[in-house]
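Each position in the sequence shown, counted from 1, maps to that position plus 1 in the UniProt record's numbering.
Backbone N, C-alpha and C fix where the C-beta goes; we use that ideal spot for every residue, glycine too.
Written below as structure tokens is the structure these notes are about.
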Amino acid sequence: AKITYITKAGESLVYEATSGSLMELAVKNKVPGIDGDCGGVCSCATCHVHVAPAYYEKLGAPSEIEADMLEFDDNVNEYSRLCCQIPVTDAVDGITVAVAN
Ligand code: FES
Numbered sequence: 002a003k004i005t006y007i008t009k010a011g012e013s014l015v016y017e018a019t020s021g022s023l024m025e026l027a028v029k030n031k032v033p034g035i036d037g038d039c040g041g042v043c044s045c046a047t048c049h050v051h052v053a054p055a056y057y058e059k060l061g062a063p064s065e066i067e068a069d070m071l072e073f074d075d076n077v078n079e080y081s082r083l084c085c086q087i088p089v090t091d092a093v094d095g096i097t098v099a100v101a102n
């Protein structure tokens with residue numbers, strides 16, 4: 002799947018992947034602002050992104066734990082997700098996510 006990250010500086014970074022999560026792909030490629038401190042277990046919120054609206058719906062609702070984490074983070078909006086909880090699958094091919102913090 003093709004994944005696009007928009008950095009805080011407004012740069013578009015595009016990567017291809019077939020497995021893992023959007024957080025793992027970002028960390029591997031050193032996308033600024035996505036640190037993945039907790040290793041993807043939904044307890045740090047350093048992988049907070051804003052998902053492009055067209056894709057947000059497709060992802061399904063965040064889990065309760067993810068929603069709770071997001072409640073306490075900065076710059077939350079209706080398209081906020083923790084991208085460690087978004088697996089790389091064909092369903093997210095073409096997705097764009099903006100780094101939130
Ligand atoms: Fe920690 Fe996503 S990597 S919440």
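Should residue i and residue j be called a contact, given that it needs their Cβ atoms to be closer than 7 Å?
i	j	result
V98	V52	yes
K9	G95	no
V28	G37	yes
Does the Cβ of residue i lie closer than 6 Å to at least one heavy atom of ligand 1?
i	result
L83	yes
A62	no
G21	no
A68	no
residue 111	Since the first and last residues shown for the chain are 2 and 102, residue 111 lies out of range.
A46	yes
G11	no
G37	yes
In the DSSP assignment, find the beta strand (DSSP E) that holds residue i and state where it starts and stops.
i	result
Y56	Note, Y56: premise wrong, no beta strand (DSSP E); alpha helix (DSSP H) at P54 to L60.
I96	I96 to V100
I4	K3 to I7
Who pairs with residue i in a beta bridge, going by DSSP?
i	result
S22	P88
S81	H51
I need the boundaries of the alpha helix (DSSP H) containing residue i, first residue and last residue.
i	result
E12	Counting along the chain, E12 falls outside any alpha helix (DSSP H), and DSSP gives it neither H nor E.
D69	E65 to E72
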